[in-house]
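Visitor:
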Amino acid sequence: MDNELATYAGIIEKAEKTLDEQLIDQFSGVLLGSAIADALGWVTEFIKTPDQLRKNYRVDQIRDFLAWNKRTGGRFYTYIDRISQGEYSDDTQLTLCTARSMMPDGSCDMEHFSKKELPSWLDYARGAGIASTAAARAIQRKTAKWNSNFFRIKAADGHLDYHEAGGNGAAMRIAPIALANMRDFERAYIEIWRNSVVTHGHPRAIVGALAYARALHLVLNHQGLSNTEIIADLRHFASGLPVPSEHSGLREWLLSWNRGREKRFEVCFDETKQEMVEYIDFVERREQRPTREVLEHLGCFERATRGSGTATVAAALFIFLRHRGQFERAVIEAVNLLGADTDTVGLMVAGLVGAEVGYMGIPERWTTKLQDFPYFLRVAKALSKIALRKGTGPDLLPQMDDFVREGPNVLEAMRIGKISQGQRVVHPLLGLGWVHSVSSGWVKKRGGGKIILAHVVFDMGQSCWFRLYLAGART
107 MDNELATYAG
117 IIEKAEKTLD
127 EQLIDQFSGV
137 LLGSAIADAL
147 GWVTEFIKTP
157 DQLRKNYRVD
167 QIRDFLAWNK
177 RTGGRFYTYI
187 DRISQGEYSD
197 DTQLTLCTAR
207 SMMPDGSCDM
217 EHFSKKELPS
227 WLDYARGAGI
237 ASTAAARAIQ
247 RKTAKWNSNF
257 FRIKAADGHL
267 DYHEAGGNGA
277 AMRIAPIALA
287 NMRDFERAYI
297 EIWRNSVVTH
307 GHPRAIVGAL
317 AYARALHLVL
327 NHQGLSNTEI
337 IADLRHFASG
347 LPVPSEHSGL
357 REWLLSWNRG
367 REKRFEVCFD
377 ETKQEMVEYI
387 DFVERREQRP
397 TREVLEHLGC
407 FERATRGSGT
417 ATVAAALFIF
427 LRHRGQFERA
437 VIEAVNLLGA
447 DTDTVGLMVA
457 GLVGAEVGYM
467 GIPERWTTKL
477 QDFPYFLRVA
487 KALSKIALRK
497 GTGPDLLPQM
507 DDFVREGPNV
517 LEAMRIGKIS
527 QGQRVVHPLL
537 GLGWVHSVSS
547 GWVKKRGGGK
557 IILAHVVFDM
567 GQSCWFRLYL
577 AGART
C-alpha cells in the first residue's frame, strides 16, 4: 500500500495533468476532503455551546483531529467508544459502501449494496443514524429488496416510518455515484434514486441527494462557473426534478409507496421540490449574512429539522459559495457550527470545495492523519476509471479465494472468545485482515452484559471497529 500511495501522490502532484490524472486529483479531493470534514465534525456533532466545547476539549474551535470518547449504544447498551485522531463516522463508511457497489458502466449494484454492504455495515458502524440503521436491519428480511425495504420502528419520540425518513443519510453517501458518472448525469440521476430509496422514503432525502449530486457535477465539470451561475442551475434543476417512473424498479417502488396512503408521493415530491427551490433562493438572497443566521432560518439547529436532507444540502451550498477555493476555511467554519449536524454539513462542504481544489488543495496535516488515507486514493483511482468507462470490474472488492484457509471469521472468533491482537482474520465482504487490538467493557443494560471491540485493518485498505454484545450479568 505504501508503494501504491507514493504512486498516487506522484500522479496528482504533477503541474500538468492528463485527464486521468486530473480526475484522480479531483476525486481524491472530494473523497479525502469529505472524510476529513466528517472526522472533524463528528467531534462537534453533539456539542451545543462554546462552553461545552471548551470544557470537553479545552479548545475554542475544532481545527485539528482530536482523540475523544463517545457514549454510544442507546439507553441500555451504553458503552464508551474511544475514537482516535482522524477516525471517521458512518457518513464516510456508507460512502465507501456505495463506492464498492459501483459497476464499470456507472450503475450501482443494488443487490450488492442492499444485501451485502448494508447488513455488514451494522457490525462496524460508528455514529449510525436511526433511519440508515433501521433500513440495514430491515433489508435482511428475505422478502425485502432494494425497492421494497419499507419499515416502521419505535423511536425515542414515537415511531419512525420509512415514508417519513427524510434525513441527510442518503445525500451523505452518494458522492461515488456522482463521481463515477461525472460525464453522464442522466445515469447518475437514476442511480441516486435507486441508492437513496433503500434507506429513505421521504422526498426530502431524495431531493437532497439529487441536489448535492448536481452541485458536485457542476463543480467537477465547470470549474469556472460563478456563484450566480451555480445558483441558477440548481434552481432550474430542483424545480424540474422528474420522478423516474419509467424505470421498472422505481415504478414498482412508487406503487408500493402510494399503496394505502392518503397523500401520494408525487404530491409530497412536488412540495419538496418547491422547498428546495425556496432554500436555494434564500441562500442567494442571504449571501452576505452571517452563516449561523442563515442556518438558523434553514432549521439546521432545531432538533426536528437539523438533519433534513434538503436543509443540510442548502447549508453546505451556502458555506461552499462563501468560501470558494478555500478548503481549510470552509471546513473549519462548517464543523464549528455548534448545534448543527456538523459532520454531515462539513462532509458536503468539503466534497464541493475538494472537487474545486483537488487533493493538493487540502492541508497535509489532515490528509496524512486521516484513517485509511491510502484507501481513499485507491477508491478515487477506481472511480476515475469508471468515470472514463475504463473500468473492468469491481476493483475495490477483495478477491475471495482461499479466505477460509487463511484465518477464522472475525465475528465468529469474537463470538467464541478466540480473537487476539496480531491474529489473521477474514470477513466475508472485506476480506483478509489483521487484528490491531481487542478490548471489552461492561455495558449499561437490563440484565447486564458486555461489549467486545475488535479493531481490524484489512488488506484491501479499510479498517473497522467490530463490536459484539454478549449477554450476561456483570460479576
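For the sequence shown, my numbering gives the first residue as 107, with consecutive numbering after it. Beta carbons: idealized from backbone N, C-alpha and C, even for Gly.
Can the beta-carbon of Ile425 be found less than 8 Å from the beta-carbon of Ala446?
Guide: Start at 1 with the first residue of the sequence shown, and residue 425 comes out as number 319. Start at 1 with the first residue of the sequence shown, and residue 446 comes out as number 340. No. Outside cutoff.
Visitor: So, at 8 Å on beta carbons, what are the nonlocal neighbours of Cys374 in its own chain, with the 5 sequence-adjacent residues on each side left out?
Guide: Position 268 of the sequence shown holds residue 374. For Cys374, where only same-chain residues beyond five positions count, the Cβ hits under 8 Å are His308 and Pro309.
Visitor: Can you give me the C-alpha to C-alpha distance between His265 and Leu228, rounded to a whole angstrom?
Guide: Within the sequence shown, numbered from 1, the residue matching residue 265 stands at position 159. Within the sequence shown, numbered from 1, the residue matching residue 228 stands at position 122. When rounded, the distance between both Cα atoms is 21 Å.
Visitor: May I have a chain-ordered list of the alpha helix (DSSP H) segments no shorter than 4 residues that lie completely inside the region 195 to 283?
Guide: Complete alpha helix (DSSP H) runs here, min 4: 196 to 206, 224 to 227 and 236 to 244.
Visitor: Do you know whose CA, among Arg521, Trp299, Cys570 and Glu518, lies nearest Trp540's CA?
Guide: Counted from its first residue, the sequence shown places residue 540 at position 434. Among Arg521, Trp299, Cys570 and Glu518, the Cα nearest to that of Trp540 belongs to Cys570.
Visitor: Give the straight-line distance between the Cα atoms of Ile283 and Lys248, rounded to the nearest whole angstrom.
Guide: Walking along the sequence shown from the start, residue 283 turns up at place 177. Walking along the sequence shown from the start, residue 248 turns up at place 142. Approximately 27 Å between the Cα atoms of the pair.
Visitor: According to DSSP, simplified to helix, strand and coil, what is Asn442?
Guide: For this step, residue 442 is matched to residue 336 along the sequence shown. Residue state, collapsed to three classes: coil.
Visitor: Is Gly314 closer than 8 Å to Ala277 when the C-beta atoms are compared?
Guide: Taking the first residue of the sequence shown as 1, we reach residue 277 at position 171. Taking the first residue of the sequence shown as 1, we reach residue 314 at position 208. Taking 8 Å as the Cβ cut-off, Ala277 and Gly314 qualify as a contacting pair.
Visitor: Which residues in the same chain have their Cβ closer than 7 Å to the Cβ of Ala237, if we skip the five residues on either side of it in sequence?
Guide: Along the sequence shown, one-based indexing puts residue 237 at 131. Once the five neighbours on either side are set aside, the close Cβ partners of Ala237 are Leu266, Ala271, Gly273, Gly275, Thr305 and His306.
Visitor: Using C-beta distances below 7 Å, list every residue in its chain close to Ala587, excluding the 5 sequence neighbours before and after it, in chain order.
Guide: In the structure as shown, the chain begins at 107 and stops at 581. Residue 587 is therefore absent and cannot be evaluated.
Visitor: According to the Cβ coordinates, are Ala436 and Gly135 closer than 8 Å?
Guide: What you label residue 436 is simply residue 330 of the sequence shown in a count that begins at 1. What you label residue 135 is simply residue 29 of the sequence shown in a count that begins at 1. Not a contact, by the Cβ cut-off of 8 Å.
Visitor: Return helix, strand or coil for Ile557, following the three-state DSSP convention.
Guide: Residue mapping note: residue 557 aligns to position 451 of the sequence shown, counting from 1. Residue state, collapsed to three classes: strand.
Visitor: Residues in its own chain within less than 8 Å of His269 by CB, not counting five upstream and five downstream?
Guide: Locating residue 269 in the sequence shown gives position 163, where the first residue counts as 1. These residues qualify, in order along the chain: Phe256, Gly307, His308, Trp363 and Arg367.
Visitor: In the structure shown, what three-state DSSP assignment does Leu125 receive?
Guide: Within the sequence shown, the letter at position 19 stands for residue 125. Helix, per DSSP.
Visitor: Determine the direct distance from the alpha carbon of Gly523 to that of Ala560, and round the result to whole angstroms.
Guide: Working through the sequence shown from its first residue, we reach residue 560 at position 454. Working through the sequence shown from its first residue, we reach residue 523 at position 417. When rounded, the distance between both Cα atoms is 11 Å.
Visitor: Taking just the CA atoms, how far does Ala234 sit from Ala242?
Guide: Stepping through the sequence shown from its first residue, residue 242 is reached at position 136. Stepping through the sequence shown from its first residue, residue 234 is reached at position 128. Taking the straight line from one Cα to the other gives about 11 Å.
Visitor: Rounded to a whole number of angstroms, what is the C-alpha to C-alpha distance between Gly467 and Glu358?
Guide: Sequence index remark: in the sequence shown, residue 467 carries index 361 (1-based). Sequence index remark: in the sequence shown, residue 358 carries index 252 (1-based). In a straight line, the C-alpha of Gly467 is about 44 Å away from that of Glu358.
Visitor: Do Thr448 and Thr416 have their CB atoms nearer than 8 Å?
Guide: By 1-based counting over the sequence shown, the position of residue 448 is 342. By 1-based counting over the sequence shown, the position of residue 416 is 310. The answer is no: Cβ separation not under 8 Å.
Visitor: Just list the alpha helix (DSSP H) runs in the region 129 to 163, keeping only unbroken ones of 4 residues or longer that don't cross its boundaries, in chain order.
Guide: Whole alpha helix (DSSP H) segments, 4+ residues: 156 to 163.
Visitor: Under 8 Å Cβ to Cβ from Lys120, same chain only, skipping five residues before and after it: list those, please.
Guide: Here residue 120 corresponds to residue number 14 of the sequence shown, with the count starting at 1. Annotation note: pLDDT 44 at Lys120 (below 50); position unreliable, no value reported.
Visitor: Could you spell out where the alpha helix (DSSP H) holding Lys487 opens and where it closes?
Guide: Numbered from 1 along the sequence shown, position 381 holds the residue referred to as residue 487. Start and end: Phe479 to Ala493.
Visitor: Whose C-beta lies closer than 6 Å to the C-beta of Ser545 among residues of the same chain, with five residues either side of it excluded?
Guide: As a first step, residue 545 must be located in the sequence shown, where it is residue number 439. Cβ neighbours of Ser545 beyond the five flanking positions: Leu559.
Visitor: What do you get for Arg300, buried or exposed, if any count of 16 or more other CB atoms within 10 angstroms of its CB means buried?
Guide: In the sequence shown, the residue the question calls residue 300 occupies position 194. The residue is buried, with at least 16 neighbouring Cβ atoms inside 10 Å.
Visitor: Pull up the distance between the alpha-carbon of Gln158 and that of Trp148, whole angstroms please.
Guide: Translated into positions along the sequence shown, residue 158 becomes position 52. Translated into positions along the sequence shown, residue 148 becomes position 42. Using only the alpha carbons, I get a separation of about 15 Å.
Visitor: Ignore the nearest five residues each way along the sequence and tell me which others in Asn287's own chain have a CB closer than 6 Å to its CB.
Guide: In the sequence shown, the residue the question calls residue 287 occupies position 181. Gly212, Arg293 and Ala294, listed in sequence order.
Visitor: Please report the distance separating the alpha-carbon of Arg258 from that of Ala145.
Guide: Your numbering for residue 258 matches position 152 in the sequence shown. Your numbering for residue 145 matches position 39 in the sequence shown. Rounded to the nearest angstrom, the two C-alpha atoms are 30 Å apart.
Visitor: Under DSSP, the beta strand (DSSP E) around Lys80 begins and ends at which residues?
Guide: For residue 80 there is no data in the structure shown, the boundaries of the chain being 107 and 581.
Visitor: With H, G and I counted as helix, E and B as strand and the rest as coil, what does DSSP make of Phe388?
Guide: What you label residue 388 is simply residue 282 of the sequence shown in a count that begins at 1. Correct three-state label for Phe388: helix.
Visitor: Where Ala579 and Gly555 are concerned, what is the direct C-alpha to C-alpha distance, given to the nearest angstrom?
Guide: Within the sequence shown, residue 579 is the residue found at index 473, counting from 1. Within the sequence shown, residue 555 is the residue found at index 449, counting from 1. Below a pLDDT of 50, predicted positions are generally treated as unreliable, and Ala579, at 48, falls in that range; no measurement from the model is reported.
Visitor: Between the alpha carbons of Ala240 and Thr198, how many angstroms are there, rounded?
Guide: Here residue 240 corresponds to residue number 134 of the sequence shown, with the count starting at 1. Here residue 198 corresponds to residue number 92 of the sequence shown, with the count starting at 1. So the two alpha carbons sit approximately 18 Å from each other.
Visitor: For Trp252, count neighbouring C-beta atoms within 10 Å of its own C-beta (all shown protein chains included) and say buried if the count is 16 or more, exposed if not.
Guide: Within the sequence shown, residue 252 is the residue found at index 146, counting from 1. With 16 or more other Cβ atoms within 10 Å, it is buried.
Visitor: State the DSSP-derived secondary structure class of Ser546, mapped to helix, strand or coil.
Guide: As a working note, residue 546 is residue 440 in the sequence shown. If DSSP states are grouped into helix, strand and coil, Ser546 belongs with the strands.
Visitor: The beta strand (DSSP E) that contains His533, what's its start and end?
Guide: Here residue 533 refers to the residue found at position 427 of the sequence shown. Looking at the DSSP string, the run of the beta strand (DSSP E) that includes His533 is Arg530 to His533.
Visitor: Along the chain, where does the beta strand (DSSP E) containing Leu427 start, and where does it finish?
Guide: Taking the first residue of the sequence shown as position 1, residue 427 is located at position 321. Segment Gly415 to Arg428 is the alpha helix (DSSP H) holding Leu427; no beta strand (DSSP E) there.
Visitor: What does the alpha-carbon distance come out to for the pair Ile117 and Leu322?
Guide: Indexing the sequence shown from 1 puts residue 117 at position 11. Indexing the sequence shown from 1 puts residue 322 at position 216. With a pLDDT of only 47 at Ile117, under the threshold of 50, the placement of this residue in the model should not be trusted, and no figure is reported.
Visitor: What residue range does the beta strand (DSSP E) around Tyr575 cover?
Guide: Position 469 of the sequence shown holds residue 575. Start and end: Ser569 to Ala577.
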